[in-house]
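Peer 1: In terms of the working numbering, the sequence shown has 74 at position 74, counting the first letter as 1, and numbering is strictly consecutive. One structure, pasted below without further comment.
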Amino acid sequence: MSISKNVGGLSKYLTKMRSTKQYTKVKEGVESIFSAIPFLGSPIVQALKRTKGGVKTLLVNNTWFEELGFSYLGPIDGHNISELIEILNNAKQLKGPILVHVKTIKGKGYSLAQKDPSKYHGVGAFDYKTGTTLNKFNGITFSEAFSEAIVKVANEEKKIVAITAAMADGTGLTKFEKIFPKRFFDVGIAEQHAVTFAGGLAVEGYKPVVAIYSSFLQRAYDQILHDIALQNLDVIFMVDRAGLVGEDGETHQGIFDISYLSNIPNIKILSPKLPQEIEAAIRYALTQSGPIVIRYPRGGSNISIDTIIDYTNPLPVMHCKGKKAVILSFGKAVEWAFEIRDYIVAQYKIELGIVEVPYIMPVNEEELFKLIKTYGAVVTVEDHVLVGGFGSIISTILHKHQCPKRLYSFGFENGIVRQGKIDKLLEHHNLNPKQIGDTIYNEILKK
Numbered sequence: 001m002s003i004s005k006n007v008g009g010l011s012k013y014l015t016k017m018r019s020t021k022q023y024t025k026v027k028e029g030v031e032s033i034f035s036a037i038p039f040l041g042s043p044i045v046q047a048l049k050r051t052k053g054g055v056k057t058l059l060v061n062n063t064w065f066e067e068l069g070f071s072y073l074g075p076i077d078g079h080n081i082s083e084l085i086e087i088l089n090n091a092k093q094l095k096g097p098i099l100v101h102v103k104t105i106k107g108k109g110y111s112l113a114q115k116d117p118s119k120y121h122g123v124g125a126f127d128y129k130t131g132t133t134l135n136k137f138n139g140i141t142f143s144e145a146f147s148e149a150i151v152k153v154a155n156e157e158k159k160i161v162a163i164t165a166a167m168a169d170g171t172g173l174t175k176f177e178k179i180f181p182k183r184f185f186d187v188g189i190a191e192q193h194a195v196t197f198a199g200g201l202a203v204e205g206y207k208p209v210v211a212i213y214s215s216f217l218q219r220a221y222d223q224i225l226h227d228i229a230l231q232n233l234d235v236i237f238m239v240d241r242a243g244l245v246g247e248d249g250e251t252h253q254g255i256f257d258i259s260y261l262s263n264i265p266n267i268k269i270l271s272p273k274l275p276q277e278i279e280a281a282i283r284y285a286l287t288q289s290g291p292i293v294i295r296y297p298r299g300g301s302n303i304s305i306d307t308i309i310d311y312t313n314p315l316p317v318m319h320c321k322g323k324k325a326v327i328l329s330f331g332k333a334v335e336w337a338f339e340i341r342d343y344i345v346a347q348y349k350i351e352l353g354i355v356e357v358p359y360i361m362p363v364n365e366e367e368l369f370k371l372i373k374t375y376g377a378v379v380t381v382e383d384h385v386l387v388g389g390f391g392s393i394i395s396t397i398l399h400k401h402q403c404p405k406r407l408y409s410f411g412f413e414n415g416i417v418r419q420g421k422i423d424k425l426l427e428h429h430n431l432n433p434k435q436i437g438d439t440i441y442n443e444i445l446k447k
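Below is the structure:
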């Protein structure tokens with residue numbers, strides 16, 4: 001084994017040498033010559049390989065990869081571009097599977113990022129001189145609210161444990177980790193294990209809280225269904241980055257979780273509209289049996305509203321009364337509903353009703369019908385795909401009750417939502433307040 005890190009000149013020189021075509025030809029030539037010697041050839045070749053392997057292990061420390069059949073080259077300084085290009089060009093000439101071990105420094109070139117790489121893993125706009133986030137939201141973010149709430153509740157409930165899949169900082173669990181190190185588990189980038197592990201803890205009487213991004217939770221669909229839901233285990237899923245994430249890109253858009261979770265037996269889905277509702281949602285979840293999902297978006301909220309959902313009994317809530325049509329929404333989409341209503345009032349002088357549905361699955365159908373019975377048209381707005389989303393759930397409910405109301409659903413069509421600023425993405429998909437407002441007026445209110 002190596003006594004210290006392989007950063008010396010000899011290790012680098014040997015890596016360069018072993019990556020060249022000339023080295024490979026010489027090695028193959030020597031093996032060919034000795035192999036041709038009758039009787040003694042094969043033992044000599046094997047002895048030379050063992051000797052070479054021993055020296056290489058001492059100087060390069062690559063035996064683990066070699067045992068798997070890889071030609072190992074490295075470690076290489078990933079910030080030395082000329083050296084990296086040379087090694088990669090040489091590697092292309094080699095035969096068989098090759099592993100090029102490149103070492104880089106996260107945040108290289110920006111001192112603040114090098115000091116705190118986790119913080120700068122995925123960021124929005126910030127002041128590059130100070131590192132201060134340019135927060136466009138009023139108050140705290142949903143992730144920050146969760147960070148404070150889980151610590152507060154865990155101080156009271158000693159059976160709470162927190163689980164993350166290599167995203168302690170992103171999901172807001174670093175504070176919990178510092179205060180309750182023995183009740184915190186980072187399982188690495190293994191969402192499937194995080195979910196099954198949570199199930200095992202629940203069986204033993206613990207109250208596991210699994211914090212995972214919406215787009216990453218889909219990796220563990222089978223475990224949620226088979227290991228949690230079928231046994232109706234008490235596991236709380238804090239689904240962060242639900243809805244549009246914007247500049248994090250298409251792989252991170254959390255617009256599928258309602259579709260892939262709402263069809264699972266025993267699952268309950270809550271969607272707070274304000275960071276201030278996170279703690280109450282967690283406390284409510286702790287009183288429930290079976291798996292429960294609390295989904296919330298990236299960032300915070302700009303809603304100026306005093307109505308906080310009573311999570312001791314999270315029923316649909318009428319925020320505004322109107323004429324002809326009512327908007328049903330949840331979570332982040334409640335903010336959009338108010339923006340749509342404000343636009344229609346300003347542009348067309350017509351009032352719209354707004355009903356918040358905090359409990360997406362199952363929807364309290366009786367209470368919902370009490371609130372929407374006087375409206376001829378129902379509009380759903382969601383930060384999610386339409387297929388299998390909130391609009392689909394409401395459509396199924398209306399059809400089941402043979403309700404004659406017209407239904408208009410606004411959300412993302414079945415396709416890929418690309419990277420971009422959220423306001424630009426909404427405009428591109430015809431989902432900004434003006435576009436939806438004009439459609440509602442032309443299709444419903446004008447007639």
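Quick reminder that beta carbons are idealized off the backbone N, C-alpha and C, glycines included.
#1: Tell whether a beta-carbon distance below 7 Å holds between leucine 386 and serine 409.
#2: To the nearest angstrom, report how far apart alanine 194 and tyrosine 206 are at their CA atoms.
#3: What are the boundary residues of the alpha helix (DSSP H) that proline 433 is part of?
#4: Within its chain, find whatever has a CB closer than 8 Å to the CB of proline 433; leave out the 5 residues flanking it on each side and keep chain order.
#5: Would you call threonine 164 buried or exposed, if buried means 16 or more other Cβ atoms sit within 10 Å of its Cβ?
#6: Kindly provide the ranges of any beta strand (DSSP E) runs that are 3 or more residues long and lie completely inside the segment 96–131, ordered along the chain.
#7: Among Ser147, Glu366, Asn414, which one has its Cα closest to the Cα of isoleucine 397?
#8: Would valine 187 and leucine 217 be called neighbours here (beta carbons separated by less than 7 Å)?
#9: Tell me the DSSP secondary structure of histidine 452 in three-state form.
#10: Would you tell me roughly how many angstroms separate the C-alpha atoms of valine 102 and isoleucine 76, rounded to the nearest one?
#11: Looking at isoleucine 87: is its Cβ nearer than 7 Å to the Cβ of leucine 73?
#12: Are the beta-carbon atoms of alanine 325 and tyrosine 375 separated by less than 7 Å?
#13: DSSP on arginine 406, reduced to helix/strand/coil?
#14: Report yes if the C-beta of tyrosine 359 is less than 6 Å from at least one heavy atom of the ligand NAD; otherwise report no.
#15: With burial defined as no fewer than 16 other Cβ atoms inside 10 Å of the residue's Cβ, what is the status of glutamine 223: buried or exposed?
#16: Select from Leu233, Gln253, Phe197 the residue whose C-alpha is nearest the C-alpha of serine 215.
#17: Can you check whether the CB of valine 378 is closer than 7 Å to the CB of leucine 407?
#18: For glycine 295, which three-state DSSP category applies?
#19: Tell me the residue span of the alpha helix (DSSP H) that contains isoleucine 344.
#20: Mind listing, in chain order, the continuous beta strand (DSSP E) runs of no fewer than 3 residues lying wholly within the segment 214–256?
#21: Since I believe glycine 172 is in contact with glutamate 191 (beta carbons under 8 Å), could you give me their beta-carbon distance rounded to a whole number of angstroms?
#22: Is the distance from the Cβ of leucine 225 to the Cβ of isoleucine 189 below 7 Å?
#23: In the DSSP assignment, what residue or residues form a beta bridge with aspartate 186?
#24: Going by the CB atoms, is the gap between alanine 168 and isoleucine 160 shorter than 7 Å?
#25: Which value, in whole angstroms, describes the spacing of the CA atoms of leucine 201 and arginine 241?
#26: Going straight from the alpha carbon of isoleucine 308 to that of glutamine 276, what length do you get?
#27: For glutamate 448, which residues of its own chain have a beta-carbon under 7 Å away from its beta-carbon, when the five flanking residues on both sides are left out?
#28: Report the residue ranges of all alpha helix (DSSP H) runs contained in full by the segment 352–412; include only those spanning at least 4 residues, in chain order.
#29: Expressed to the nearest angstrom, what Euclidean distance is found between the alpha-carbon atoms of lysine 446 and cysteine 403?
#30: Whose C-beta lies closer than 6 Å to the C-beta of isoleucine 98 among residues of the same chain, with five residues either side of it excluded?
#31: Buried or exposed, going by whether 16 or more other CB atoms sit within 10 Å of the CB of isoleucine 179?
#32: According to DSSP, is aspartate 77 helix, strand or coil?
Peer 2: Once the coordinates are examined:
#1: Residue 386 sits at position 386 when you count from the first residue of the sequence shown. Residue 409 sits at position 409 when you count from the first residue of the sequence shown. Result yes, Cβ atoms of leucine 386 and serine 409 sit closer than 7 Å.
#2: Counting from 1 along the sequence shown, the entry for residue 194 is found at position 194. Counting from 1 along the sequence shown, the entry for residue 206 is found at position 206. Each residue's Cα considered, the two are about 14 Å apart.
#3: What you label residue 433 is simply residue 433 of the sequence shown in a count that begins at 1. Here the alpha helix (DSSP H) through proline 433 covers 433–440.
#4: Taking the first residue of the sequence shown as position 1, residue 433 is located at position 433. The residues are Trp336, Glu339, Ile340, Asp342, Tyr343.
#5: Along the sequence shown, read from residue 1 onward, the residue named residue 164 stands at position 164. Residue burial is scored here from C-beta neighbours: threonine 164 has at least 16 other C-beta atoms within 10 angstroms and is therefore classed as buried.
#6: The qualifying runs are 98–103.
#7: Taking the first residue of the sequence shown as position 1, residue 397 is located at position 397. If we check each option's Cα against that of isoleucine 397, Glu366 comes out closest.
#8: Translated into the one-based positions of the sequence shown, residue 187 becomes position 187. Translated into the one-based positions of the sequence shown, residue 217 becomes position 217. The answer is no: Cβ separation not under 7 Å.
#9: No information on residue 452 is available, as it lies outside the stretch 1 to 447 that the chain covers here.
#10: Taking the sequence shown and counting its residues from 1, the one referred to as residue 102 is at position 102. Taking the sequence shown and counting its residues from 1, the one referred to as residue 76 is at position 76. Rounded to the nearest angstrom, the two C-alpha atoms are 5 Å apart.
#11: Stepping through the sequence shown from its first residue, residue 87 is reached at position 87. Stepping through the sequence shown from its first residue, residue 73 is reached at position 73. Judged by beta-carbon spacing, leucine 73 lies within the 7 Å limit of isoleucine 87, meaning their Cβ atoms are closer than that value.
#12: Numbered from 1 along the sequence shown, position 325 holds the residue referred to as residue 325. Numbered from 1 along the sequence shown, position 375 holds the residue referred to as residue 375. It is a contact, given that the beta carbons lie within the stated cut-off.
#13: Here residue 406 refers to the residue found at position 406 when the sequence shown is read from its first residue. The three-state secondary structure of arginine 406, taken from DSSP, is strand.
#14: The ligand NAD is not part of this structure, which contains no ligands at all.
#15: Position 223 of the sequence shown holds residue 223. Classification of glutamine 223: buried, given that the 10 Å Cβ count is 16 or more.
#16: The residue labelled residue 215 in the question sits at position 215 within the sequence shown. Of the candidates Leu233, Gln253, Phe197, Gln253 places its Cα closest to the Cα of serine 215.
#17: For the purposes of this step, residue 407 is taken as the residue at position 407 of the sequence shown. For the purposes of this step, residue 378 is taken as the residue at position 378 of the sequence shown. Yes, the Cβ-Cβ distance between leucine 407 and valine 378 is below 7 Å.
#18: Along the sequence shown, one-based indexing puts residue 295 at 295. Reading off the sequence, residue 295 comes out as arginine, not glycine. Three-state result, arginine 295: strand.
#19: As a position in the sequence shown, residue 344 is number 344, starting the count at 1. Element bounds for isoleucine 344: 332–348.
#20: Entirely contained in the segment 214–256, the beta strand (DSSP E) runs reaching 3 residues are, in chain order, 236–240.
#21: Here the question's residue 191 lines up with position 191 in the sequence shown. Here the question's residue 172 lines up with position 172 in the sequence shown. That pair is no contact at about 17 Å.
#22: In the sequence shown, counting from the first residue as 1, residue 225 sits at position 225. In the sequence shown, counting from the first residue as 1, residue 189 sits at position 189. No; because the gap between Cβ atoms is not below 7 Å, this pair is not in contact.
#23: The residue given as residue 186 occupies position 186 in the sequence shown. Answer is Thr164.
#24: Translated into positions along the sequence shown, residue 160 becomes position 160. Translated into positions along the sequence shown, residue 168 becomes position 168. Not a contact, by the Cβ cut-off of 7 Å.
#25: Translated into positions along the sequence shown, residue 201 becomes position 201. Translated into positions along the sequence shown, residue 241 becomes position 241. Looking at the two C-alpha atoms, the distance is approximately 25 Å.
#26: As a working mapping, residue 308 is identified with position 308 in the sequence shown. As a working mapping, residue 276 is identified with position 276 in the sequence shown. Annotation: isoleucine 308 to glutamine 276 spans about 8 Å, alpha carbon to alpha carbon.
#27: The question about residue 448 has no answer, for the chain in this structure spans 1 to 447.
#28: Listed in chain order, the complete alpha helix (DSSP H) runs (minimum 4 residues) inside the segment 352–412 are 365–372, 390–400.
#29: As a working mapping, residue 446 is identified with position 446 in the sequence shown. As a working mapping, residue 403 is identified with position 403 in the sequence shown. When rounded, the distance between both Cα atoms is 22 Å.
#30: By 1-based counting over the sequence shown, the position of residue 98 is 98. Within the same chain, Cβ atoms closer than 6 Å to the Cβ of isoleucine 98 are found at Ser71, Ala91, the five residues on either side in sequence being excluded.
#31: Residue numbering aside, residue 179 sits at position 179 when the sequence shown is read from its first letter. Label assigned to isoleucine 179: exposed.
#32: The residue you call residue 77 lines up with position 77 of the sequence shown. Three-state result, aspartate 77: strand.
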